[in-house]
Every structure is written in C-alpha cells, then in structure tokens.
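Residue numbering for the sequence shown follows the working numbering, starting at 1204 and increasing by one per position. The beta-carbon is built from N, C-alpha and C at its ideal position, and this holds for glycine as well. One structure is given below, encoded as structure tokens.
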Amino acid sequence: MNLLGLKVKHNVFGDGVVIEKVDSYITVEFVEKTAKFAYPDVFEKFLKAEDVDVQTNIIKEIEMIKVETEQKRKAEEANKASEKIRTVSTYGVALKTKRTKSIDDMFAKDYHVENLARQHIFTYQQVEEQFGIRISGFGRGINPTENTVVLISSIGKAGGNFVYHDKWTKDGDYIYSGEGKRGDQKMNRGNLAIRDAARDGKEIHLFIKFSPKDYYYQAVFELADYSYEDDKDKDGNIRKEYKFRLKKVNVEQK
C-alpha cells in the first residue's frame, strides 16, 4: 500500500501528511514537528487516515497480523507439546525443564494482572515521540499535554520496593497513586491534571512500564473517582496519598 502523501490526523499533533515509509515505520510531517511511528500499529490507537477506505484497509491489516501472531503462538505451543510427547516416548519420562518466569509471576494476586493489555508495546522514546512529552528511560509520572494526560505507572511487583501502589481492580479499573514520594501528597500539578482532565477536555492515556524498552499501552481512561488514604511513602512513613480510580473509555462510542 502506497502511503506517501496520505493525509492523517493525530490525536495530539493534529493534521499531518505521510512523507516516508521505511520497513515497519512511517514518518509524518505535522505543522509543528515531524514524527516517526510504528506501522501499522499507530493507526489503531493514535493516527487516522483522512481517506476512509485506506483507514479500513489498514485496520484489516492490523487484524490479520493479530490473527497470524495468535496462530504462530498456538503452533509454538503445539510443537512444545509434541516435543514433550516424543521425549516421553523415547525416555519413558518427561525431562525436567527450567520454567521461564512469565509476567503473571511478577505480581501479587491483588494486582489482578489478568487485566493487563499486552499487545501494544513501546520504547520510552516512542512514547515521547507519540505524545510530545519528555520522560527518562525509567520514568514514572503524570505527563499533561495540551490535549492529553499521559500516565506512566510503576508496576507493583510482588516483593518489590515501590513508592507508588498502582494496581488493577478485579473489575478492570486501574488504581493510580498520586504523585509525591514523601509526606502527604498535595492536590496540585500532576494530581490536579488527573482530577481536572474531563473538565479540561483531555484524554487520559495509561502505560504500564516494565523496562525502558517495554511500555505496555493500556487504553484511554477517564477518572471515575478518587480518595485520600493512608499509605507508606518512600521512607516507609505513613502519609496521605491520592488514589485515582480510572475506568476504560469505549473510544468507538465517543
């Protein structure tokens, strides 16, 4: 598909034109900047082609990739099962193998990791490029822009020593701790940006960070409610901490 010259709209940077496509990346020129994006993934969440037929074809391509990826995963699982059967047939017993630690093993049960979206994974540079923000490789924080509030969550690994206490609920909402590492948190800056996002007409985008190369994009959220509760700060002292309850937004109905 020839994308050069395609007119697109980005939910942060506005209108733009595709000026280059190399391998699995496209470069788009906007009024105020030129940005590089992963193709075709960017068209599912962030970019929309002005030509409806082109947008439809790209979404179909994305769906085909998802199907192929799932088929490949199932084939790999089937091959592992067949290998195990052959091993039993040859040696009479299944040889013990070292168990690879999965994402699910990294969390306590109350984190509800089953609600974690695992399809769209970005590097921190791609997150910066996508939203026009600046974060460090191990960044965590509340990043307001003109049209969005980008949240990067510190994951609560089982047994880990984290200042913030973010986690999913069993219903699929996300509890995001307010900013402020020591002492009682204040309703200012980033915390205020989350509270007032709906009033300011800003979308809340959530990423779960595993490493500088693994930022798992979750969805667009809205603030359902928030509370001000006791919890431990960076030094282990009990302080007041904001807990923002975020609910996924059905973008298709917006």
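Inset, instruction - Could you say which of N1453, E1280, T1272, E1331 lies nearest to E1406 if we only look at CA atoms? - result: Start at 1 with the first residue of the sequence shown, and residue 1406 comes out as number 203. It is N1453 whose Cα lies nearest to the Cα of E1406.
Inset, instruction - Check L1409 in the structure and name its three-state DSSP category. - result: Indexing the sequence shown from 1 puts residue 1409 at position 206. L1409 falls in the strand class under three-state DSSP.
Inset, instruction - For H1315, I'd like the list of residues in its chain whose CB is within less than 6 Å of its CB, leaving aside the five on either flank, ordered along the chain. - result: Working through the sequence shown from its first residue, we reach residue 1315 at position 112. Within the same chain, H1315 has close Cβ partners W1371, K1373.
Legend entry - G1439, buried or exposed, once every other Cβ within 10 Å from all chains shown has been counted against 16: As a working mapping, residue 1439 is identified with position 236 in the sequence shown. Exposed.
Legend entry - Three or more C-beta pairs below 8 Å linking the region 1320-1329 and the region 1385-1401: no
Inset, instruction - Buried or exposed for A1320, please, with buried defined as at least 16 other CB atoms from any protein chain shown within 10 angstroms of its CB. - result: Taking the first residue of the sequence shown as position 1, residue 1320 is located at position 117. When all chains shown are included, A1320 counts as exposed.
Inset, instruction - Over the uninterrupted beta strand (DSSP E) stretch that includes F1240, give me the two end residues. - result: By one-based count along the sequence shown, residue 1240 stands at place 37. Element bounds for F1240: 1237-1241.
Legend entry - Residue range of the unbroken alpha helix (DSSP H) whose run includes Q1322: Here residue 1322 refers to the residue found at position 119 when the sequence shown is read from its first residue. First-last for Q1322: undefined, no H or E at that position.
Legend entry - Sub-7 Å separation of F1459 and K1451 beta-carbons: As displayed, the chain neither begins before 1204 nor continues past 1457, which places residue 1459 out of reach and without an answer.
Inset, instruction - Give the single residue among Y1228, E1253, K1248, F1233 whose Cα lies nearest to the Cα of K1210. - result: Counting from one through the sequence shown, the residue named residue 1210 turns up at place 7. Of the candidates Y1228, E1253, K1248, F1233, the one whose C-alpha sits nearest the C-alpha of K1210 is E1253.
Legend entry - For E1280, three-class secondary structure by DSSP: The residue labelled residue 1280 in the question sits at position 77 within the sequence shown. DSSP places E1280 in helix when its eight states are reduced to three.
Inset, instruction - My understanding is that E1332 touches A1238, with C-beta atoms under 8 Å, so please give their C-beta distance in whole angstroms. - result: Taking the sequence shown and counting its residues from 1, one reaches residue 1332 at position 129. Taking the sequence shown and counting its residues from 1, one reaches residue 1238 at position 35. Yes, E1332 and A1238 are in contact; Cβ-Cβ is about 5 Å, under 8 Å.
Legend entry - CB of L1449 within 7 Å of CB of Y1367, strictly: For the purposes of this step, residue 1449 is identified with residue 246 of the sequence shown, where counting begins at 1. For the purposes of this step, residue 1367 is identified with residue 164 of the sequence shown, where counting begins at 1. Cβ atoms of L1449 and Y1367: not closer than 7 Å.
Inset, instruction - For G1393, name the three-state secondary structure that DSSP assigns. - result: Along the sequence shown, one-based indexing puts residue 1393 at 190. It is helical.
Inset, instruction - Within 10 angstroms of the Cβ of G1381, are there 16 or more other Cβ atoms? Answer buried if so, exposed if not. - result: Your numbering for residue 1381 matches position 178 in the sequence shown. Buried, by the Cβ-count rule.
Inset, instruction - Please report how far the alpha carbon of F1216 lies from the alpha carbon of L1207, in whole angstroms. - result: Within the sequence shown, numbered from 1, the residue matching residue 1216 stands at position 13. Within the sequence shown, numbered from 1, the residue matching residue 1207 stands at position 4. Each residue's alpha carbon lies about 19 Å from the other.
Legend entry - Candidates R1398, G1344, M1267, F1447, of which the one nearest Y1418 by Cα: Counting from one through the sequence shown, the residue named residue 1418 turns up at place 215. Answer by Cα proximity: G1344.
Inset, instruction - Provide the residue span of the alpha helix (DSSP H) that contains F1246, from first to last. - result: Translated into the one-based positions of the sequence shown, residue 1246 becomes position 43. That run of the alpha helix (DSSP H) goes 1245-1248.
Legend entry - Beta bridge counterpart(s) of P1347 as assigned by DSSP: Counting from one through the sequence shown, the residue named residue 1347 turns up at place 144. According to DSSP, which records beta bridges pairwise, P1347 is partnered with V1352.
Inset, instruction - Determine the direct distance from the alpha carbon of D1434 to that of V1245, and round the result to whole angstroms. - result: As a working note, residue 1245 is residue 42 in the sequence shown. As a working note, residue 1434 is residue 231 in the sequence shown. C-alpha separation (whole angstroms): 38 Å.
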